[in-house]
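Each residue of the sequence shown is one higher than the one before, starting from 278 at the first, in my numbering.
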Amino acid sequence: MNDEEATKYQQRKPQLSAVVIALCKGMIDREADSKLWQGLLNLQLAVAEYVETLGLDLILDEAEGYAFLRAREYDQEDEKLPRLIARRQLSFHVSLLLALLREKMAESDASGGEIRVIVSRDEVLEMIRIFLPEGSNEVRLIDQVDSYINQVVKMGFARKLKGADHMLELHRIIKSFVDAQWLAEFDQRLSEYRKLLQSEGAK
């Protein structure tokens, strides 16, 4: 590294650190933080090379406007590094909500609607209700749905609109997380859940 390259590196170092730290905490969304997003685009190669040393891959979709880190899969057992990005063990109902929101986004995209996909808490409530036993306590159901929504927001798949907490804007990253394999695995869980509901209803 010559003097000019060293100077450029020192100038970029604070921004590189900010981008990597943000990615380690979760995702970077173009709409949520345009400055950080632009910093990532400017330093994309440097970020990818840095996180590679940590056993991570940078997943960036410039068209959709999101980026996140994914733990690298290794072929050989002895090549594995300790997992820096923990696997998320989702509850059935949070998984259900993610699948339903992914379907909502697909419907919006297919209809050629707005790029932003916004749903209300009432819509979420109705989407989930059909998968729950009949006669579920309404107040308890609303509290549960609020809890599921908060978990989805915390994981970075959506955000509540300012001044309208009952409205939820979906992040495009949900398309990458909820892929065909994820849906296939969840469909199996959903089938088992429906059988359980049917058996309980028959009692």
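Just so it is clear, CB atoms sit at the ideal spot from N, CA and C, and this is done for glycine as well.
DSSP three-state call for residue i: helix, strand or coil?
i: L346; result: strand
i: D386; result: helix
i: A323; result: helix
i: I362; result: Confidence in I362 is poor, its pLDDT being 49 and thus under 50, which makes the residue's placement too unreliable to answer from.
i: I407; result: coil
i: R436; result: strand
i: D310; result: coil
i: I450; result: coil
i: Y286; result: Caution applies to Y286, whose pLDDT of 49 falls short of 50 and renders its modelled position unreliable; the model cannot decide the point.
i: G303; result: coil
i: V455; result: coil
i: L367; result: coil
i: E462; result: helix
i: E400; result: helix
Measuring only the C-alpha atoms, how far is residue i from residue j?
i: R238; j: R436; result: Because residue 238 is not part of the residues shown, which for the chain are 278 to 480, the question remains open.
i: D306; j: V401; result: 23 Å
i: M278; j: G440; result: Reliability fails at M278, whose pLDDT of 47 lies under 50, so the model's placement of it is uncertain and the value that follows must be treated cautiously. Taking the straight line from one Cα to the other gives about 50 Å.
i: K312; j: M432; result: 21 Å
i: D456; j: G303; result: 18 Å
i: G339; j: N414; result: Before going on, a small fix: residue 339 reads as Glu here, not Gly. Straight-line Cα distance between these residues: approximately 44 Å.
i: M382; j: I336; result: 20 Å
i: L322; j: A348; result: 17 Å
i: L300; j: F369; result: 26 Å
i: L409; j: Q292; result: 47 Å
i: V422; j: S294; result: 36 Å
i: S388; j: L460; result: 21 Å
i: I298; j: V430; result: 19 Å
Over what stretch of residues does the beta strand (DSSP E) that includes residue i continue unbroken?
i: S397; result: V394 to S397
i: D442; result: A441 to L447
Cβ of residue i within 7 Å of Cβ of residue j?
i: L378; j: L447; result: yes
i: V324; j: V296; result: yes
i: I395; j: M444; result: yes
i: L317; j: A344; result: yes
i: L346; j: L333; result: yes
i: R449; j: E341; result: yes
i: Q428; j: V371; result: yes
i: F434; j: I451; result: yes
i: F463; j: A376; result: yes
If you follow the alpha helix (DSSP H) that residue i is part of, which residue opens it and which one closes it?
i: I426; result: E415 to K431
i: I336; result: No alpha helix (DSSP H) holds I336; the beta strand (DSSP E) holding it covers L333 to D338.
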